[in-house]
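Everything below concerns the one structure shown next.
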Amino acid sequence: MLRLPCPYCGERDEPEFRFAGEPAVRPGSDVGDAVWAAYLYMRSNEKGPHREVWSHAGGCGQFFLLERDTVSHAVLRALRPGEAS
Amino acid sequence: MRRLAAGGAIDRTRPLGFIWEGRKLSGFAGDTIASALLANGIGVIGRSFKYHRPRGVYGAWTEEPNAIVDVALGARHDPNARASLVPLEAGMVVGGVNAWPNVRRDALGLIDLFHRFIPAGFYYKTFKSPSWGAFETRIRAMAGLGVMRPEPDRLLYDTRHVETDVLVVGGGAAGVAAARAAASAGLGVMLADDRAAWGGVLQAEGGVIDGMEAAAWAAAAVGEMRGATLLGRTTVFGAYDHNAFGLLEQRRDAAGGWAEERVWLVRARQVVLAAGAIERPLVFPGNDRPGIMSAAAVLQYVRHYAVLPGREVVIATNNDTAYATAAALVAAGASVTVADARPEAPGRDGLRVRAGCVPVGTGGRHGVKWVDLALRDALSNRERVRCDLLAISGGWSPSVHLHSQAGGTLRWDDAAAAFLPGVAREGWHLAGAVTGPVGLGAALGQGHAAGVAAAAALGRVVHVAPPETPARAVEAPIGAMWFVDVADRRQWIDFQNDVTLGDVALAARENYASVEHLKRYTTLGMANDQGKTSNINGIAALAAMTGRAIGEVGTTTFRPPYVPVSLGALAGMRHGRLFAPIREVPAAADHLANGAVMREYGGWRRPAAYLRIGETVAAAIAREAASVRQGVGLFDGSSLGKIEVAGPDAAAFLNVMFYNEVANLKVGRLRYCLMLRETGVVFDDGVVARLAAERYLLSPSSSHTEGVLAMLRAWQQTEFPAMRVVFHDVTAAWATFAVSGPRAGVLVGRLSSDIDIGDGALPHMAVAEGVIEGLPGRIARVSFTGERGYEISVPARHGAAMWRHLLGLGEDVTLYGIEALSVLRAEKGFILIGTDTDGMTLPADLGITAPLRNKAVDFVGKRSLLTPDALRADRRQFVGVLPEDPGFVPAVGSHAMVDGRSVGWVTTSCHSPALGRSIGLGMIEGGRGRIGETMEIFHLGKTSRAVIGEACHFDRAGERLHG
Numbered sequence: 005m006l007r008l009p010c011p012y013c014g015e016r017d018e019p020e021f022r023f024a025g026e027p028a029v030r031p032g033s034d035v036g037d038a039v040w041a042a043y044l045y046m047r048s049n050e051k052g053p054h055r056e057v058w059s060h061a062g063g064c065g066q067f068f069l070l071e072r073d074t075v076s077h078a079v080l081r082a083l084r085p086g087e088a089s
Numbered sequence: 019m020r021r022l023a024a025g026g027a028i029d030r031t032r033p034l035g036f037i038w039e040g041r042k043l044s045g046f047a048g049d050t051i052a053s054a055l056l057a058n059g060i061g062v063i064g065r066s067f068k069y070h071r072p073r074g075v076y077g078a079w080t081e082e083p084n085a086i087v088d089v090a091l092g093a094r095h096d097p098n099a100r101a102s103l104v105p106l107e108a109g110m111v112v113g114g115v116n117a118w119p120n121v122r123r124d125a126l127g128l129i130d131l132f133h134r135f136i137p138a139g140f141y142y143k144t145f146k147s148p149s150w151g152a153f154e155t156r157i158r159a160m161a162g163l164g165v166m167r168p169e170p171d172r173l174l175y176d177t178r179h180v181e182t183d184v185l186v187v188g189g190g191a192a193g194v195a196a197a198r199a200a201a202s203a204g205l206g207v208m209l210a211d212d213r214a215a216w217g218g219v220l221q222a223e224g225g226v227i228d229g230m231e232a233a234a235w236a237a238a239a240v241g242e243m244r245g246a247t248l249l250g251r252t253t254v255f256g257a258y259d260h261n262a263f264g265l266l267e268q269r270r271d272a273a274g275g276w277a278e279e280r281v282w283l284v285r286a287r288q289v290v291l292a293a294g295a296i297e298r299p300l301v302f303p304g305n306d307r308p309g310i311m312s313a314a315a316v317l318q319y320v321r322h323y324a325v326l327p328g329r330e331v332v333i334a335t336n337n338d339t340a341y342a343t344a345a346a347l348v349a350a351g352a353s354v355t356v357a358d359a360r361p362e363a364p365g366r367d368g369l370r371v372r373a374g375c376v377p378v379g380t381g382g383r384h385g386v387k388w389v390d391l392a393l394r395d396a397l398s399n400r401e402r403v404r405c406d407l408l409a410i411s412g413g414w415s416p417s418v419h420l421h422s423q424a425g426g427t428l429r430w431d432d433a434a435a436a437f438l439p440g441v442a443r444e445g446w447h448l449a450g451a452v453t454g455p456v457g458l459g460a461a462l463g464q465g466h467a468a469g470v471a472a473a474a475a476l477g478r479v480v481h482v483a484p485p486e487t488p489a490r491a492v493e494a495p496i497g498a499m500w501f502v503d504v505a506d507r508r509q510w511i512d513f514q515n516d517v518t519l520g521d522v523a524l525a526a527r528e529n530y531a532s533v534e535h536l537k538r539y540t541t542l543g544m545a546n547d548q549g550k551t552s553n554i555n556g557i558a559a560l561a562a563m564t565g566r567a568i569g570e571v572g573t574t575t576f577r578p579p580y581v582p583v584s585l586g587a588l589a590g591m592r593h594g595r596l597f598a599p600i601r602e603v604p605a606a607a608d609h610l611a612n613g614a615v616m617r618e619y620g621g622w623r624r625p626a627a628y629l630r631i632g633e634t635v636a637a638a639i640a641r642e643a644a645s646v647r648q649g650v651g652l653f654d655g656s657s658l659g660k661i662e663v664a665g666p667d668a669a670a671f672l673n674v675m676f677y678n679e680v681a682n683l684k685v686g687r688l689r690y691c692l693m694l695r696e697t698g699v700v701f702d703d704g705v706v707a708r709l710a711a712e713r714y715l716l717s718p719s720s721s722h723t724e725g726v727l728a729m730l731r732a733w734q735q736t737e738f739p740a741m742r743v744v745f746h747d748v749t750a751a752w753a754t755f756a757v758s759g760p761r762a763g764v765l766v767g768r769l770s771s772d773i774d775i776g777d778g779a780l781p782h783m784a785v786a787e788g789v790i791e792g793l794p795g796r797i798a799r800v801s802f803t804g805e806r807g808y809e810i811s812v813p814a815r816h817g818a819a820m821w822r823h824l825l826g827l828g829e830d831v832t833l834y835g836i837e838a839l840s841v842l843r844a845e846k847g848f849i850l851i852g853t854d855t856d857g858m859t860l861p862a863d864l865g866i867t868a869p870l871r872n873k874a875v876d877f878v879g880k881r882s883l884l885t886p887d888a889l890r891a892d893r894r895q896f897v898g899v900l901p902e903d904p905g906f907v908p909a910v911g912s913h914a915m916v917d918g919r920s921v922g923w924v925t926t927s928c929h930s931p932a933l934g935r936s937i938g939l940g941m942i943e944g945g946r947g948r949i950g951e952t953m954e955i956f957h958l959g960k961t962s963r964a965v966i967g968e969a970c971h972f973d974r975a976g977e978r979l980h981g
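First to last, the protein sequences are chains A and B.
Under the working numbering, the residues of the first sequence are numbered 5 to 89, in order.
Under the working numbering, the residues of the second sequence are numbered 19 to 981, in order.
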């Protein structure tokens, strides 16, 4: 059970959150099949520092970016949408 | 009787009667079942798992591998209790497991005679021809230990969630010293120990701390801590990410405790692990007989429970700790011989010590009667020594379980002959015997230092001095001895799962050289003691067999839980009605009064059908469905999702979210729309209403409302944060009733309302807001039955009253439930998401293609509808299925077969009252091109024939909507 920082509410236990996958940039609908398939299905699944989208579904309902280490599970930082990357 | 005349922590003024295998016995308050059985001279307590060999008590606590018993008291029943862990209570009925007729005379004990033919891996090599299934039933009947009772567990369990500054695991000398220090710094401390009294092994080992008797010091130190949470009889069973812990508290003897067990989910800022160590057995031929016990356990039975398990005792050891047991036994009046495997065994007053001597064989059917001793360098030269108790010590294994679960590393230490903790996780401090063989003084010092370090990490200062204890003589180092190198390999390593040295040798010979493979192949360490006594001995044996160092072999992965945790405790209050509370519609009580059979649909309890007296459910469904087509029916649709979407950008946003065009929807109009995932797969369907220019009302499926809301939020926040639009789930705010049938307009016309329901003002797929019977409400012209239909919505708190009012508007109204609605919609070929569709269904598969052709703006899932796979001609398509036998209703899931190949399946089927025959819907490859063709329907070996047809079976022109 991870302890995650919601950028709006503060630290909360993992069951309050919902994982929403790796962030992906939505291509326009005029791209080729391979680009679209990569957007839909290909994930980097990094070992180490990794960027993920989470939503505080059981709290404020807001989505945010989380940087964490997938090996140590250390939480590096949490960013609101639009905050500096 | 083997009870000593004095001493121990038992309460001799409170005798407790209990039953053991039909015999009335007596123990005392403070006993465990194991100590009470030993006090009564009961030697055989169970049978081993595989060979059904007689087994007695070996240990005194969580390490016990043998003494598994069935314990019943009132509503409580534990079919796999460990006798060493269960406090004795008056009236307990205790019996053996895995034995028939009883543990002393077990019919399956014969199996042991055939042990030569059933070594490790026997199972995998033998029961494979013709198939595992041919043997499974009989083997399953023989396997397993205790037998569960069929009735549900009626005990209460509870859960607590807490955060703490410092969690101290273990209430022995080191743990108490750490907790005392941290508490003095003003920190919130949680101290957990699985025993009822503080002090851990101090209870049995004694000693002096700060001038007090050691156990009394522990109790006093704990009593003086301010603001601490003290959890006795509480096992920390798991360490999880970010210092989360699971604790199991036994509460049946707690004052005022109402729950049997309580699970604590703890988040700790700092952690002190003072979990101690567990003594290993010595491995030698015949080391599993009743009467062969852990030396440390014997010490506890003598000192803590005042039980003398034997009078003629041989102690076999390879380290110094067993000498404390020897001293206690001598003091209790036993005669003791020590066989010390070390050539340089320390001499002790009053003891016969045989240096360099090891046990090489034992005898005695229901209890050890003799042991053969031999010098390690002359093993064939045996000397038989009579005894009624053989206490053994093979050294100590630190309880590194939680440290390892949390990701801490281990290193093998030859001098300690143990895996010691290496690098600990952040915020962890280890103290006491978990760090290796330390004396009392060092344990106290480490404990205090751990408390100081935890306080410093939280910016606090400790205000007590370290506890002091008189210095003791330095112990001689352990002399590792992992097994006896003789031809007899029936040397038990895992007592509970009957894994011997011979099994490890076989595994090594067959190249199961990885310790994880050894574990699975031999089942070493896989019993409910999880290898607490056996793992290290098994690893050492494997190392020797494969010519590797022990550190090179390594350990198996430590995983929670440390001790078995009942599913009841883990579930807590989350079971039965509280597991996933079912939602009720506002008029639920009226439905019951109207004869409804209520069932759960997608988390809501709703009327399935309304039964008349003497009517079956099937007859009611047919009657209700037919009545709607002939007259007028009333349906409670209150559970249907309602999400309001409002804002200046509501139209633009929804136009992206829906497959269908919704921006051009006129105010006061409805449109049936699909919502897709980005993969193009149909996620939900429903009617979208435009209530005002900047205000829409969505009607997702009853069970999909939360999912649709989550999807809207995700897209708005992550992809379109600039769009000004808000969402509100108003499902529970409105009660909605559908009036449907040729006479629906007549009934609705009798309502007192300012809403004009004439076909000119309110045509099909229109909605109007107004006042209905004095209530703010809405009337929508919409239909899921194919008949003229109205949906009347009023505030939920008036729902029951409106239901009764509608019922009173006409005596010819038929109430219909979900099941009749399902028949009506199947007749019309209306899809049900998740029933007719699955995770691969695209809108074109349902025949809905216009939006992709006509919609100008991009929308969620659009690009996915243009891939080669989406455009394949042989995709499964939604069609109707008409069985050739009109009385035959094919099972949902039946395969559609063409030329002997499955080309899809039946998704919906029922008897249609309107058509007087069976009908179905299905997803069939290239289905629309096959309309009119005959196919076979295959289900569970039976085949029938059916014609592929249009999905809409009834009123294809839709004239009845306006009739």
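Note that CB positions come from ideal geometry on N, CA and C, so glycine has one too.
Straight-line gap, residue i to residue j (C-alpha atoms, nearest Å)
i	j	result
T859 of chain B	I849 of chain B	12 Å
G976 of chain B	M5 of chain A	54 Å
L43 of chain B	P579 of chain B	33 Å
E493 of chain B	L209 of chain B	30 Å
E696 of chain B	P31 of chain A	12 Å
H419 of chain B	R577 of chain B	8 Å
I639 of chain B	L842 of chain B	10 Å
R474 of chain B	L185 of chain B	Correcting the residue type first, residue 474 of chain B is Ala in the shown sequence and not Arg. Near 15 Å, if we compare the C-alpha coordinates of L185 of chain B and A474 of chain B.
P364 of chain B	L163 of chain B	43 Å
V90 of chain A	E534 of chain B	Any answer about residue 90 of chain A is impossible in this case: the structure gives chain A only from 5 up to 89.
Status (buried if at least 16 other CB within 10 Å, exposed otherwise) for residue i
i	result
Y12 of chain A	exposed
T31 of chain B	exposed
H722 of chain B	buried
I600 of chain B	exposed
T74 of chain A	exposed
Residue from the options whose Cα sits closest to the Cα of residue i
i	options	result
D395 of chain B	B:L958, B:V207, B:R360, B:W388	B:R360
N612 of chain B	B:G826, B:P119, B:V290	B:G826
L588 of chain B	B:Y175, B:L56, B:S936	B:Y175
E107 of chain B	B:T723, B:D49, B:F67, B:F153	B:D49
E297 of chain B	B:D29, B:Y76, B:F46, B:I51	B:Y76
Q895 of chain B	B:L765, B:S398, B:G945	B:G945
T253 of chain B	B:E267, B:G241, B:H260	B:E267
G26 of chain B	B:G35, B:A54, B:G40	B:A54
Partner residues on chain E for residue i, Cβ-Cβ distance less than 7 Å
i	result
R7 of chain A	No chain E appears in this structure, whose protein chains are A and B.
_If contact is defined by three or more beta carbon pairs under 8 Å, each pair taking one atom from either stretch, is the segment 87-101 of chain B in contact with the segment 164-175 of chain B?_
Using a Cβ-Cβ distance cut-off of 8 Å, the segment 164-175 of chain B and the segment 87-101 of chain B are in contact, since at least three pairs of beta carbons, one from each stretch, lie closer than that value.
Query raised in the report: Does the segment 704-712 of chain B come within contact of the segment 681-691 of chain B, defined as at least 3 CB pairs closer than 8 Å?
Result: A contact exists between the segment 704-712 of chain B and the segment 681-691 of chain B.
inquiry  = Using a Cβ distance threshold of 8 Å, determine whether the segment 112-132 of chain B contacts the segment 83-90 of chain B, with at least three qualifying pairs required.
reply    = Yes, the segment 112-132 of chain B is in contact with the segment 83-90 of chain B.
(message) For the structure I just gave you, are there three or more beta carbon pairs, one from the segment 727-738 of chain B and one from the segment 669-677 of chain B, closer than 8 Å?
(response) Contact between the segment 727-738 of chain B and the segment 669-677 of chain B is present, with at least three C-beta pairs closer than 8 Å.
**Asked** Does the pairing of the segment 401-412 of chain B with the segment 143-151 of chain B give three or more beta-carbon distances under 8 Å?
**Response** Judged by Cβ distances under 8 Å, the segment 401-412 of chain B makes no contact with the segment 143-151 of chain B, as fewer than three pairs qualify.
Check your understanding: Where are the alpha helix (DSSP H) runs, 4 residues long or more, that stay fully inside the segment 802-851 of chain B, in chain order?
Key -> Those alpha helix (DSSP H) runs which fall completely within the segment 802-851 of chain B and span 4+ residues are 817-825, 836-846.
Q. Which ranges would you report for the beta strand (DSSP E) in the segment 891-958 of chain B if only whole runs of at least 3 residues count?
A. Counting only unbroken stretches of 3 or more residues, the beta strand (DSSP E) elements lying wholly within the segment 891-958 of chain B are 894-901, 913-916, 919-930, 935-943, 952-957, in sequence order.
Subject >> Complete alpha helix (DSSP H) runs within the segment 275-338 of chain B (minimum length 4 residues, chain order) >> reply: Entirely contained in the segment 275-338 of chain B, the alpha helix (DSSP H) runs reaching 4 residues are, in chain order, 313-321.
Worksheet item: Along the chain, which unbroken stretches of the alpha helix (DSSP H) at least 4 residues long are found entirely within the segment 94-178 of chain B?
Response: For the segment 94-178 of chain B, whole alpha helix (DSSP H) runs of length 4 or above, ordered along the chain, are 140-144, 151-160.
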